[in-house]
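Residue numbers (my numbering), protein chains in the order written: chain A, 25 to 288; chain B, 57 to 272; chain C, 57 to 272.
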Amino acid sequence: MNDNLFSEDPVSVADRLAAEALIVDVDGFEGPLDVLLTLSRTQKVDLRKISVLALAQQYLTFVEKARALRIELAADYLVMAAWLAFLKSRLLLPPDPDDEGPSGEELAAHLAFQLERLQAMRDAAARLMARDQLGRDFFRRGQGEDITRIRTVTYSATLLDLMQGYARIRTRDEFRPFVMDRDAVFTMEQALERMRPLIGFAGTWTDMETYLPDGWDADPVRRRSATAATFAASLELVKEGHMEMKQSETFAPIHLRKRTETRD
Amino acid sequence: MTDAPEETGTLFEAPPLAEQERMVEAVLFASSEPVTIADLEARMPHGSDAAQAVELLQKRYEGRGVRVVRVGDAWAIRTAPDLGFLMQKETVETRKLSRAAIETLAIVAYHQPCTRAEIEEIRGVSVSRGTIDQLLEMEWIKLGRRRMTPGRPVTFVVTPEFLDHFGLENARDLPGLKELRAAGLLENRPPPGAIPLGEGSEDEVDEDQTELFEEE
Amino acid sequence: MTDAPEETGTLFEAPPLAEQERMVEAVLFASSEPVTIADLEARMPHGSDAAQAVELLQKRYEGRGVRVVRVGDAWAIRTAPDLGFLMQKETVETRKLSRAAIETLAIVAYHQPCTRAEIEEIRGVSVSRGTIDQLLEMEWIKLGRRRMTPGRPVTFVVTPEFLDHFGLENARDLPGLKELRAAGLLENRPPPGAIPLGEGSEDEVDEDQTELFEEE
């Protein structure tokens, strides 16, 4: 039969063509196990009764031929070749009583198992794909419009999401160039800059406190600085004739309003 | 029956009416649109009488949960009108909140009451109207008092629903940055040259945060 | 069978079984995706027994042009496979799967939950990321629980969509599963002399398998 497929003996033209087809087609193989499975078919026996020794020989010949034809084999094909050469020697030589590793027979049995399992999965895959398939052999309802679903979307977030989100922002912040030491100081220049555009809208008496910048009213230190700066800026604006100020009694709120031209 | 050659399908007899009825049933079911008698017959084996099969099918479905109905000059299977109520089902779909929404929510929670401008300042990017609307709609944030500053901007605060969802008694229960860092949520190294600031031990959330952020 | 008069709904008796069958029929017809018993009951009046109604309906449609089929823990109506030839218009061109993808799918289906390393071990070749991605994208496989072995690798399992596509009631119905198992071909047998991957790894596989295929 095909036992002498790769031997030195003269082979039939058909066999040689088959052998070369195998080699030329090496791209079509899905790894060394696939090659071994294909080679094993030439033994035409149940995979359980396969001669691993013969198979190892076939594979080694396959790799040699591929080399002779200058076909680049991927590393795992060569690793398999080395392993099979090792297995072959184990199977041929009498067992070394000092050797602790698995016997050649054990290794061969495992290889046979792997081949059988791969073949089994191939068969299973073929059977699976041969089943009736949705959208090809059987069909779902074509008109989805019948079912009206009132979709309510609930958004979910966990406390962890929230904290991570916050941590993310604050992490970004920490890399922002900050002038840390000036953080709690609001200058009169800043207050002036802030109040100039705003004062035009103050037609009626407005508490000076409402002019405090956002974010400066909670922390007492910051609030104090902002209040002082805003007060100083207000005095400056009154002096410039843009604004009027009044305070009904000591410690009462200070009120500001725009100075209009009709006023004297 | 006689084995007629394959190609000449016309030599076959039309399938039995019961079989034709099955075919009509399958086609009407699977088709995305109502199917005309002509279309049915074009699909069915030669010699089939689709009109008769449809009629049989229609009878079979009388009083069932679905009916065979005529739509113009075509046929379709439709749910019985009295069962329409079954089709209306409120499905609740859970979706992850977007990153922008989470961050905005986090800022409101940690800094409330908080204006939109403040959120933008903290996030460093503008906040889309949709994000705020979404959080308002979810009732996780609501409008707080207007800030008494020019323009009187609205502020946002978190709602009891928010606290409920996150299992918090109040917004002060939110872990601070130190804890976030301890929990491994913040892995950054301290920025070079950062000067530790503020050793105040204020209990106020806001101040607490300020302290935490600036420190280290 | 005493209906506690908690809600107004419970004051009504459940509709007769024939009516429940109509309801299930209407909902299953209307939905193109499988519907779970729980979902059916959520739509039906209080006290309905959707499982029983589905069973009746399934019997009613035996031999018809459409069938009531089970998909995992849900139910759907699908056309009878022998009538597929009528439906050429509805046929959706499915993406051609590569040989690697088909084999990977089969390995996941038969060995689930199955790690990538196991797929590679069985095929004797590395699995490209694209193969797994394609199957995930088609929603035929999804991530299962992590394996409790060193590295805690993720596992893959097949989905209800997979079952639906191949007309399987559940993963136990895979063709030839019993035979393969009896032949020991679904075992995760380590190569002789290999360093065992943390004790219990084999037990774990076994347990998982048992859970998936025998439990429920």
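We put the CB at the ideal spot given by N, CA and C, even for glycine. Quantities reported herein were computed from a predicted structural model and do not represent experimental measurements.
Can a CB atom of chain B be found closer than 8 Å to the CB of residue i?
i                            : result
phenylalanine 110 of chain A : no
phenylalanine 225 of chain A : yes
leucine 183 of chain A       : yes
threonine 215 of chain C     : no
arginine 283 of chain A      : no
valine 122 of chain C        : yes
glutamine 81 of chain A      : no
leucine 73 of chain C        : no
threonine 66 of chain C      : Low confidence applies to threonine 66 of chain C: its pLDDT is 49, below 50, so where it sits in the model is not reliable enough to give any reading.
leucine 158 of chain A       : no
aspartate 238 of chain A     : yes
leucine 186 of chain A       : yes
Give the range of the alpha helix (DSSP H) segment to which residue i is assigned.
i                            : result
lysine 234 of chain C        : 233-238
lysine 112 of chain A        : 99-116
arginine 134 of chain B      : Not the alpha helix (DSSP H): arginine 134 of chain B falls in the beta strand (DSSP E), residues 130-135.
valine 164 of chain C        : 155-167
lysine 198 of chain C        : That residue, lysine 198 of chain C, is in no alpha helix (DSSP H); its beta strand (DSSP E) goes 197-199.
leucine 84 of chain B        : 73-86
aspartate 95 of chain C      : 93-99
methionine 19 of chain A     : Absent from the structure is residue 19 of chain A, since the part of chain A shown begins at 25 and ends at 288.
phenylalanine 255 of chain A : 244-263
isoleucine 175 of chain C    : 172-179
Does chain A have any CB closer than 8 Å to the CB of residue i?
i                         : result
serine 184 of chain C     : no
glutamate 63 of chain B   : At glutamate 63 of chain B the pLDDT is 45, less than 50, meaning the model places this residue with poor confidence and gives no usable figure here.
aspartate 189 of chain C  : no
isoleucine 163 of chain B : yes
isoleucine 93 of chain C  : no
leucine 236 of chain C    : yes
alanine 98 of chain C     : no
threonine 211 of chain C  : no
glycine 128 of chain B    : no
If we ignore side chains and look at the alpha-carbon of each, how far apart do residue i and residue j end up?
i                         : j                         : result
glutamate 81 of chain C   : arginine 99 of chain C    : 12 Å
leucine 339 of chain A    : alanine 239 of chain C    : Chain A is shown from 25 up to 288; residue 339 of chain A falls before or after that span and cannot be answered.
aspartate 231 of chain A  : glutamine 144 of chain B  : 57 Å
leucine 261 of chain A    : methionine 267 of chain A : 6 Å
leucine 192 of chain C    : leucine 139 of chain A    : 27 Å
histidine 134 of chain A  : aspartate 138 of chain C  : 43 Å
glycine 265 of chain A    : arginine 283 of chain A   : 7 Å
isoleucine 133 of chain C : glutamate 69 of chain B   : 30 Å
glutamate 97 of chain C   : aspartate 161 of chain A  : 30 Å
arginine 120 of chain C   : proline 231 of chain C    : 25 Å
valine 69 of chain A      : glutamine 157 of chain A  : 34 Å
alanine 74 of chain B     : alanine 86 of chain C     : 24 Å
arginine 203 of chain C   : threonine 171 of chain C  : 8 Å
proline 72 of chain B     : glutamate 159 of chain C  : 42 Å
lysine 152 of chain B     : arginine 185 of chain C   : 26 Å
glutamate 80 of chain A   : alanine 136 of chain C    : Contrary to the premise, residue 80 of chain A reads as alanine rather than glutamate in this sequence. Roughly 49 Å separates the two Cα atoms.
threonine 150 of chain B  : glycine 223 of chain B    : 18 Å
What would DSSP say about residue i, mapped onto helix, strand or coil?
i                            : result
phenylalanine 222 of chain C : coil
glutamine 271 of chain A     : strand
arginine 208 of chain C      : coil
phenylalanine 18 of chain A  : Lying outside 25 to 288, the shown extent of chain A, residue 18 of chain A is not represented and no answer is given.
leucine 230 of chain B       : coil
phenylalanine 137 of chain A : helix
arginine 151 of chain A      : helix
lysine 145 of chain C        : helix
leucine 158 of chain A       : strand
valine 59 of chain A         : helix
So is residue i in contact with chain D if we call contact Cβ pairs under 8 Å?
i                      : result
alanine 239 of chain C : Among the protein chains of the structure shown, namely A, B and C, there is no chain D.
Answer with yes or no whether the minimum CB distance from residue i to chain C is below 8 Å.
i                            : result
glutamate 177 of chain B     : no
leucine 115 of chain A       : no
proline 119 of chain A       : no
threonine 171 of chain B     : no
aspartate 241 of chain A     : no
phenylalanine 137 of chain A : yes
isoleucine 197 of chain B    : no
valine 83 of chain B         : yes
Please list the terminal residues of the continuous beta strand (DSSP E) segment that includes residue i.
i                        : result
histidine 279 of chain A : 278-282
lysine 115 of chain B    : Unbroken run through lysine 115 of chain B is the alpha helix (DSSP H), 106-116; no beta strand (DSSP E).
tyrosine 89 of chain A   : Checking the displayed sequence, the identity of residue 89 of chain A turns out to be lysine instead of tyrosine. No beta strand (DSSP E) holds lysine 89 of chain A; the alpha helix (DSSP H) holding it covers 76-92.
arginine 185 of chain B  : Where arginine 185 of chain B is concerned, there is no enclosing beta strand (DSSP E), although the alpha helix (DSSP H) it sits in stretches over 185-193.
arginine 123 of chain C  : 122-127
Cβ of residue i versus every heavy atom of the ligand SAH: is any distance shorter than 7 Å?
i                        : result
threonine 135 of chain C : Only the bare structure without any ligand can be found here, which leaves the ligand SAH out of the picture.
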